[in-house]
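In UniProt numbering, the protein residues as written are 1 to 809.
Note that the Cβ used here is the ideal one computed from N, Cα and C, for glycine as well.
None of these values were measured; they are calculated from a predicted model.
Each remark here refers to the structure printed beneath this line.
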Amino acid sequence: MELPANIQEVPQGKRRPTKSISNLPFLRYTTLTSIIIAVDSLLSISLWIAGGDSSYMENNVEHFSIYDSTFDLACIAAVKGPLLIACVYYLEQYTLTAASTIIRSKVSSSQRLAKTCQVLFMLLSLMSLAYALTKGTLILLKDSETSLHITYKILCIVGVVSPTLEIILGLASFYFMRRLIHVSRLRLILDENENESGESKKKKADLKRLIKLAIPEYPLISLGLVMLLISNSIQGIIPYIFGYVIDLAVKNQTLCQEISSGVINVTGPVPHCSLWLMSREVLVLVGLFLVVSVASMFRAICFTLAGERFVARIRKNLFAAILRQEMGFFDTNRTGELTNRLASDTAVIQSAVTENVSILARYTLQLIISIGVMFWINARLTAVLLSVFPLISIAAVYYGRKLKDLRKKYQDKLALASSTAEESISNIRTVRAFTNEMKLMTSYNEDIERSYSLGKVISFLIGGFSGVVFILIYNALCLILWYGGYLVYHQKLSSGELTALMLYTLTLAMSFAFISNVYGEFMQAVGASIRIFELMDRIPLIQDGALVRPSFEGEILFKNVYFTYPSRPDEPVLKGVNFSVRPGEMVALVGPSGGGKSTIVNLIEHFYDLTDGNILISGLNVKDLDPSWYRRHIGIVNQEPVLFATTIKDNIAFGKENATQEEIEAAALQANAHDFIMSFEENYKTLVGERGVRLSGGQKQRVAIARALLLNPKILLLDEATSALDAESEFLVQEAIDRAMIGRTVLVIAHRLSTVRNASKVLVLNEGFIVEEGTHDELLSFDGIYKKLVLHQLTAGEGEGQRRNNNNI
């Protein structure tokens, strides 16, 4: 089979060994399907020929009657057979070709033709099944004393059984075809990218996995199902009791009329006929309604509570999965999108897996009970109703698949809008300062309009499907009303039985509508779950080690370190960096912006994995260390400290569980923070606001220093901790930093000349290289970058200009 233009064949050497072609599951199913199709065609034609002589066959064609002729079934089988076999053959060839290739674009002509073959296969099979069922139903409805020939009966049975088998085997074949293509291509992609890591585990986000996540709630769900069984079983017989009461009322009226007209002679007072029976049945109905109400109440409680517990658990797991990711993941994923997964997508899944399970079980049980009772009352009328179900099934399958794809796209667009809103609100001061409200409103409106456009399509799809379903069901209802009235007129059906059948038909209509809607909700949940499962299954690029050292001296060694940020793969940041820091030593990092100073701090914290090289901490590779243990020995103070919207006490104790009040106050004293904290009315219980907006810059920085000192770290990392402060705040913060440095390994990104002078060693970084290394005096002894930076600072003057020059030290 010729490969399409958008498919690239993988060289033979790169293909994985596969099992024998004859052992592939889809080929076994397609072979069996082809055999069934061929047998169906040959058997149908043979039965038609065997049904009579040549004159009979000519009469069968010329004077065709749907009740008496078999020509139609034979003709359908003869035309359908070759078409279905051709579809199966093409799909076999396409699957074998596509399984050994990698798709390079979205859709090809071969893919479209394969999809067309699948649709044509199912359409022909469903139409032939629907026709055979309709023909059989009409025969059942026809009042005729003429016995049918045995070949006619067999041909009708074949006309129903063969398409049913074709549909089942066809669906199985399509499933294994998709699975083979998916697995084979995934293997080829893994082969092609075998040196890459950090990819998400690809697991199918299907209903089975969604329902499996709800297994811990089985006690509540089981109790809810028991209550559901009780309520629905009772509801299933209520329409029959209604019909029985009507029959009693009609019988009572008829009997009374006959007595009063003298048709029946009664001596003494006229009895109340069946009035007492009717009253008894009404009282039974009242009792049954009471039981149904209580059972429904407990059912609703059980399923709602199970749903709340389910969504709480999945949100916890999802949040934990997000927090496990490496820093590069957050560089490439917007915060609003992630929070939308936690809020919106999980709510969609909650509704599908718990509430909709209740709806599905409730109305499926109603459907089964109603159909069973209807067959018991009158089989012919029930057969008429069921003849519309194949058409509804076709509409439901198309609707569900389409809705799943649209819902996934809708959730993605909504996540973008949520991200824009979250980013704007969290930075509202900057937005207001630059009067950018209209720009952000326009951006948010555009995102909402994109999601609204998809929402409109979803709305029309849901409305159109509901309309089709109700048109088909209510047309069947009108047919039952007409034919049921005919049977009542000829006294072959009582008025009460017709009333019961009508009530059951309404129950069926409502049940099928709800079930169809639930199917759509499940497909929405599948669409929403895809992103959630991607996050939950994603393997972080940085795999945490498990080594813990009894002693931790704080030695740092960079050996030929290369690094590139994952979000900027074409822009190397560090290029062969080598340096060492002895325990208790203070090293200053200086240089122009963008040289790699903050990157070194991030790598020591093991926020990112290296592109190449090694970082050794006290002789051990940072990759092998247990991250929780390791980071408890490191204190970090950033240029812009991040505080959480809680109390000062909680912010200081953020990195240490069970910290005592004495420890917190001691850290605050060392950080020059205790005095201003005690000046607040609520002292350490003062709320700092979101991101610490209620504190000044210097106060936030001192709280951040106290938070770092509370850990009593062996290594202290200071990332330009005083660069954005006024003179008074800078003095207080610098004094706290000077005390914090004592007895610790310190790596400081410095800009103050006094800090650099006190450093044991100064590293000058420029464009990813360490271009100069030595003490302050050594570096001033020759004309290099460091000397130029120092002279630039000295000549820039005192005050704000000296401290905030862009090319400061």
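Worksheet item: When you compare only the Cα positions, how much space is there between Ile-369 and Gly-236?
Response: 6 Å
Item to complete: Give the DSSP-derived three-state secondary structure of Glu-308 in the structure shown.
Response: helix
Worksheet item: Within 10 angstroms of its Cβ, does Ala-312 collect 16 or more other Cβ (buried), or is it exposed?
Response: exposed
Worksheet item: In angstroms, rounded to a whole number, what distance separates the CA positions of Lys-201 and Glu-534?
Response: The predicted position of Lys-201 is uncertain, since its pLDDT is 41 and thus under 50; no value can be drawn from it.
Worksheet item: Can you tell me whether DSSP reads Lys-80 as helix, strand or coil?
Response: helix
Worksheet item: What residues are listed by DSSP as bridge partners for Leu-589?
Response: Ile-749, Leu-763
Item to complete: Could you check if Cys-478 is buried or exposed, using at least 16 other CB atoms within 10 Å of its CB as the buried criterion?
Response: exposed
Worksheet item: Should Pro-239 be labelled buried (16 or more other beta-carbon atoms within 10 Å of its own) or exposed?
Response: buried
Worksheet entry | As assigned by DSSP and simplified to three states, the class of Ile-515 | helix
Worksheet entry | Straight-line Cα distance separating Arg-707 from Leu-780 | 36 Å
Worksheet item: Among the residues of its own chain, which have a CB less than 7 Å from the CB of Thr-795, if the five just before and after it don't count?
Response: none
Discussion item. Please report whether the beta-carbon of Arg-341 lies at a distance below 9 Å from any beta-carbon of chain C.
Written reply: The structure shown contains no chain C; it is built from a single protein chain.
Practice prompt. Using the DSSP secondary-structure output, state which residues sit across from Gly-635 in a beta bridge.
Written response: Leu-716
Worksheet item: So the beta strand (DSSP E) Lys-559 belongs to, where does it begin and stop?
Response: 556-564
Discussion item. Can you check which of these residues, Leu-765, Leu-709, Val-468, is closest to Gly-743 by C-alpha distance?
Written reply: Leu-709
Item to complete: Evaluate residue 892 with the Cβ neighbour count: other Cβ atoms within 10 Å of its Cβ, from every protein chain shown; 16 or more gives buried, anything less gives exposed.
Response: Outside the shown range of the chain (1 to 809) lies residue 892, about which nothing can therefore be said.
Practice prompt. Quick one: residues in its chain with C-beta nearer than 7 Å to the C-beta of Thr-339, no 5 flanking neighbours on either side, listed in chain order?
Written response: Ser-418, Glu-422
Discussion item. Classify residue 820: buried if its beta carbon has 16 or more other beta carbons within 10 angstroms, exposed otherwise.
Written reply: Shown here, the chain extends from 1 to 809; a query on residue 820 therefore has no answer.
Worksheet item: Going by other Cβ atoms of all chains shown within 10 Å of its Cβ, with 16 needed for buried, is Glu-166 buried or exposed?
Response: buried
Worksheet item: Which partner residues of Val-577 appear in the DSSP bridge assignment?
Response: Val-561
Item to complete: Starting from the Cα of Leu-248, find the closest Cα among Ser-110, Ser-279, Lys-685 and give me that residue.
Response: Ser-279
Fill in: Distance CB(Val-601)-CB(Ile-556) smaller than 9 Å
no
Item to complete: If I'm right that Ser-451 touches Leu-440 with Cβ under 8 Å, what's the distance once you round it to whole angstroms?
Response: Not a contact, Cβ separation roughly 17 Å.
Practice prompt. Alpha carbon to alpha carbon, how far is Leu-603 from Asp-777? Give it in angstroms, no decimals.
Written response: 28 Å
Worksheet item: Cα separation between Val-457 and Gly-463?
Response: 10 Å
Practice prompt. Grab me the residues of Val-561's own chain with a C-beta within less than 8 Å of its C-beta, minus the 5 sequence neighbours each way, in chain order.
Written response: Leu-574, Gly-576, Val-577, Asn-578, Leu-603, Leu-610, Asp-612, Gly-613, Asn-614, Ile-615
Worksheet item: To which residues of the same chain is Leu-124 closer than 8 Å at the C-beta, ignoring the five residues directly before and after it?
Response: Lys-80, Leu-83, Leu-84
Worksheet entry | Given 8 Å, three or more beta-carbon pairs between the segment 677-693 and the segment 641-650 | yes
Item to complete: Could you check what DSSP says for Glu-773 in three-state terms: helix, strand or coil?
Response: strand
Item to complete: Please say whether Ile-215 and Val-284 have beta carbons closer to each other than 9 Å?
Response: no
Worksheet entry | Coarse secondary structure for Gly-13, derived from DSSP in three states | Confidence is the limiting factor: at Gly-13 the pLDDT is only 41, short of 50, which leaves the residue's position unreliable and the question unanswerable from this model.
Worksheet entry | DSSP-derived helix/strand/coil call for Arg-538 | strand
Worksheet item: Which residue's Cα is closest to the Cα of Pro-540: Tyr-218, Ala-668, Leu-414, Phe-330?
Response: Phe-330
Discussion item. Determine whether the beta carbon atoms of Ala-78 and Ser-41 lie at a separation below 9 Å.
Written reply: yes
Discussion item. Gly-655 and Val-764 - do their beta-carbons sit closer together than 9 Å?
Written reply: no
Worksheet item: What does a CB cutoff of less than 6 Å around Lys-492 pick up in its chain, not counting 5 residues either side in sequence?
Response: none
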